[in-house]
Structures are given as structure tokens and as C-alpha cells.
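Report on one structure; see the data block that follows.
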Ligand SMILES: Nc1ncnc2c1ncn2[C@@H]1O[C@H](COP(=O)(O)OP(=O)(O)OP(=O)(O)O)[C@@H](O)[C@H]1O
Ligand SMILES: [Mg+2]
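Residue numbers (the working numbering): 2 to 397.
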């Protein structure tokens with residue numbers, strides 16, 4: 002910010018200006034001709050202010066100004082033409098070439114000092130606007146990507162809701178018929194037993210039928226009721242978006258639903274230990290969104306545990322003052338200390354593009370904070386990561 006280019010072919014003037022600028026606290030950079038000046042001003046980390054002589058070899062000061070103007074730079078340097086040409090027409094030509102200020106030689110050092118100060122103020126404001134615009138641009142880009150992700154989640158929700166609906170009917174038929182067959186079996190098993198007792202036909206086969214049929218029917222009924230449970234969890238999860246209701250809900254129940262949704266993944270990777278405080282009060286919120294957060298945490302824990310083969314996932318709930326707290330701890334590899342802050346950033350993932358989007362935790366944090374809560378993470382002393390959700394207790 003304090004560097005200023007002095008471009009003048011006259012060595013004594015360069016030296017005088019250099020001393021003055023140093024006295025005023027600037028760091029002068031020297032050029033002997035226009036070509037050098039242009040090179041310095043268009044390089045990376047170029048000085049933001051330049052004092053250019055008009056008459057210089059190779060490229061004159063006005064041509065340097067014209068070249069810079071033509072480049073349409075996002076952070077154009079502040080150009081002061083310092084020249085013996087003192088007619089009004091020269092001044093107009095100089096300023097029209099793209100110079101920001103025009104000072105005639107001989108000049109009063111105090112005047113130059115003030116005009117440099119003006120340039121410093123203008124370039125500082127320009128830099129501030131430039132940085133602000135850049136931040137806004139990347140923020141807009143992040144938001145757009147988040148929206149696309151949310152849209153994809155919503156599409157997935159609609160698709161899952163459709164599939165859940167379609168599965169409902171055939172599962173109803175399976176469990177209804179299995180129930181009828183279970184009650185019919187009571188009569189049939191008497192006949193089968195009679196066949197065995199009277200040595201009728203293939204008795205080995207009859208014995209097998211007698212021993213296995215009841216278990217098989219029970220198996221069908223259990224499987225059908227598990228499908229029903231998954232369907233109802235999916236339906237609850239998919240209602241997200243269509244029914245953004247805020248209502249009193251129990252964190253323990255949200256965890257149960259999320260666990261059912263993740264059961265297929267977790268069964269290969271985690272032994273689950275639940276330590277719920279059953280007396281915790283209700284929280285107020287959008288149940289589906291809280292479940293979405295938990296699903297992401299369970300999937301993350303599952304991924305972490307699969308990297309060591311299999312491990313333990315401990316879920317605890319309790320009340321802490323005005324908050325209800327859930328901790329989700331795994332004994333996987335944990336998170337490298339230098340990444341602990343970065344995991345909340347949108348698109349931060351260590352899973353590779355085909356596996357993770359890196360949006361899970363950033364969306365989760367937003368959702369929890371929109372509920373007036375907090376999300377935290379730490380590494381456990383014995384290894385593994387521990388995520389904490391804190392949500393405010395529902396107001397009576
Ligand atoms: N329990 C955990 N143990 C170790 N690292 C974790 C754990 N949870 C999250 N991380 C790290 O945080 C990163 C970001 O997680 P996040 O949920 O935001 O995205 P992701 O899981 O990579 O992708 P997505 O959620 O879209 O599938 C992960 O890639 C992983 O490196
Ligand atoms: Mg994730």
C-alpha cells in the first residue's frame with residue numbers, strides 16, 4: 002500500500018522525489034523510462050500509485066496512461082502525471098489519456114504530498130470495494146451450489162416418497178396374506194402331524210414342513226413390519242419441504258428415526274450404544290430437519306468407522322440448562338486438528354468427489370443454528386470424533 006512508482010528519465014529528479022517520498026513514509030520504486038514503468042505497473046503486486054513524467058524515452062507518460070486505461074484492470078493504479086507541460090490543453094490531453102491527476106513542474110512538495118494522499122485514499126477505497134465484491138461473488142457462488150444441493154435433496158425426497166408409497170401396497174398384501182396363512186397353519190399343522198404319525202408319504206419332508214413353516218411365516222411378518230417401519234421413517238423424512246412445520250418434538254425420537262434410516266449402513270460399520278435421558282424435555286423445531294442433521298452425522302460416523310473396519314457409535318442425550326444436548330461419538334480415526342475448523346465449510350470433504358459433496362456439515366450447522374442451537378466437534382482423548390448438538394428447550 003505504501004509503495005509508489007516514480008518514473009522519470011531525469012536522474013536528479015528521480016533521486017529528489019525518492020528522498021521526499023521516503024521522508025513521507027512511502028517506499029519508492031524507480032523506473033527510468035515508460036516501458037519499465039508499464040512493466041512494473043502491470044506486474045503482480047504492482048504499486049497502487051505512480052508518479053509519471055510525460056516526456057520519457059521508449060514510452061511517454063501519456064502512453065503509459067493510455068495503455069493502462071486500455072487494459073481495463075480490475076484494480077487500476079492511481080496515475081499522477083508530473084510534467085513541465087503547463088498549458089490547459091496539455092492538462093486536458095493528460096487527463097483524457099487516463100491519468101488521475103496532473104501536476105506541473107516546478108511543484109510545491111507539500112502539494113505533491115497532499116495529492117499523493119488523495120491517491121492513497123482513493124486506492125484504499127477502491128481496494129475495499131474490490132475485496133468486498135470478490136467476497137460477495139464467492140458467497141453467491143457458494144449459495145448457488147448449496148441451493149442446487151438442497152434442490153437435489155428435495156428431488157430425492159420426492160422420489161423416495163413416491164417409492165415409499167408404491168411399496169406400501171405390495172407390503173400390505175404380503176403381511177396380510179402372511180397373517181391369514183399363520184392362522185390357517187394352525188389347522189394345517191394338525192393334518193401334517195397326523196400324516197407324520199400315520200407314516201403317510203414322505204415323512205422326512207412332512208417333519209421339515211412341520212418344524213419350519215411357523216418360523217418362516219413369523220420371518221415374513223417380521224420382515225414386512227420392518228419394511229413398514231422404514232417406509233414410515235422415509236415418509237417422515239420426505240415430508241421435509243412440503244410441511245415445514247415447527248412443532249414440539251423429542252430429540253430421542255428424532256434420533257430413533259434417523260437410526261432406522263441409517264440402519265443398513267450402520268449395521269456393517271458400527272456397534273451402536275444409546276444412552277438416552279428419557280426425561281429430557283421437548284424442543285421446538287422442524288423434526289425432519291433435525292433428522293436430516295442426525296442422518297448426516299450417522300453417515301459420517303459410519304464412513305469414519307468403516308476406515309478402521311468396524312467400531313463403536315455412542316449416542317447420548319441429556320438436558321443442560323436451557324438446552325437439550327445430543328452427543329454422537331465414534332471411535333474412528335477422528336479429525337486432524339488442522340481440519341477441525343474446515344469441516345464446516347461448504348464443499349470441504351475428504352471423501353473424494355464421487356462419494357461426498359462436503360455439504361453435509363455446513364447444511365447441518367445452518368439448520369441447527371436456525372433452530373437457535375449450536376453444533377460443535379472435538380476429538381476424543383482415546384481417538385474418534387465427537388459431535389455435539391445443542392437445541393433450546395421448548396418454551397412452555
Ligand atoms: N465422524 C467423523 N470422523 C472423521 N472425520 C469426519 C467425521 N465427520 C465428518 N468428518 C470430516 O468432515 C468432512 C466434511 O463432512 P460433511 O458431512 O460436511 O461432508 P461429506 O460427508 O464429506 O460429504 P456429504 O455429507 O455430502 O456426503 C468429511 O469429509 C470428513 O473428512
Ligand atoms: Mg456427510
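Ideal placement from N, C-alpha and C gives every residue a C-beta, glycine not left out.
Item	Value
Contact between the segment 69-87 and the segment 95-112 (3+ Cβ pairs under 8 Å)	yes
Check: residue 73 C-beta below 6 Å from any heavy atom of ligand 1	no
C-beta contact flag for residue 42 and residue 13 at 7 Å	no
Neighbourhood of residue 196 by C-beta distance below 6 Å, restricted to the same chain and skipping five residues each side	207
For residue 319, the three-state DSSP class (helix, strand or coil)	strand
Whole-Å CB distance - residue 394 paired with residue 284, under 8 Å assumed	6 Å
Neighbourhood of residue 321 by C-beta, 8 Å cutoff - its chain only, sequence neighbours within 5 removed	391
Beta carbon nearer than 5 Å to a non-hydrogen atom of ligand 2	297, 301 and 361
Whether residue 332 touches residue 385 by CB criterion (7 Å)	yes
Sequence-distant residues of its chain with Cβ nearer than 8 Å to residue 11 (five each side left out)	54
Rounded straight-line distance, which links the Cα of residue 68 to that of residue 98	9 Å
Through-space distance from residue 57 to residue 9, alpha-carbon basis	7 Å
Short Cβ contact (7 Å threshold) for residue 28 with residue 60	no
Buried or exposed by the 16-neighbour rule on C-beta atoms within 10 Å, applied to residue 15	buried
Coarse secondary structure for residue 255, derived from DSSP in three states	helix
DSSP three-state assignment for residue 61, whether helix, strand or coil	coil
Residue 129 to residue 136 span [Cα, whole Å]	11 Å
Residue 376, DSSP secondary structure in three states	strand
Cβ contact check for the segment 254-261 and the segment 201-221: 3 or more pairs under 8 Å	no
Proximity of residue 296 and residue 263 at Cβ, strictly below 7 Å	yes
Spatial distance of residue 379 from residue 182 (CA atoms)	54 Å
Coil, strand or helix - residue 78 by DSSP	coil
Whole beta strand (DSSP E) elements within the segment 14-62, 3-residue minimum	28-32 and 50-54
Proximity of residue 22 and residue 50 at Cβ, strictly below 7 Å	no
Residue 227, DSSP secondary structure in three states	helix
Of the listed residues 100, 118 and 193, nearest to residue 26 (C-alpha basis)	118
Residue range of the beta strand (DSSP E) that includes residue 272	271-276
Alpha-carbon to alpha-carbon, residue 365 and residue 341	15 Å
According to DSSP, residues forming a beta bridge with residue 330	315 and 387
DSSP bridge partner residues for residue 8 (one or two, in chain order)	32 and 53
Check: residue 366 C-beta below 6 Å from any heavy atom of ligand 1	no
Straight-line Cα distance separating residue 223 from residue 173	13 Å
Residue 318 and residue 281 closer than 7 Å at C-beta	yes
Alpha-carbon to alpha-carbon, residue 230 and residue 185	26 Å
Straight-line gap, residue 121 to residue 113 (C-alpha atoms, nearest Å)	12 Å
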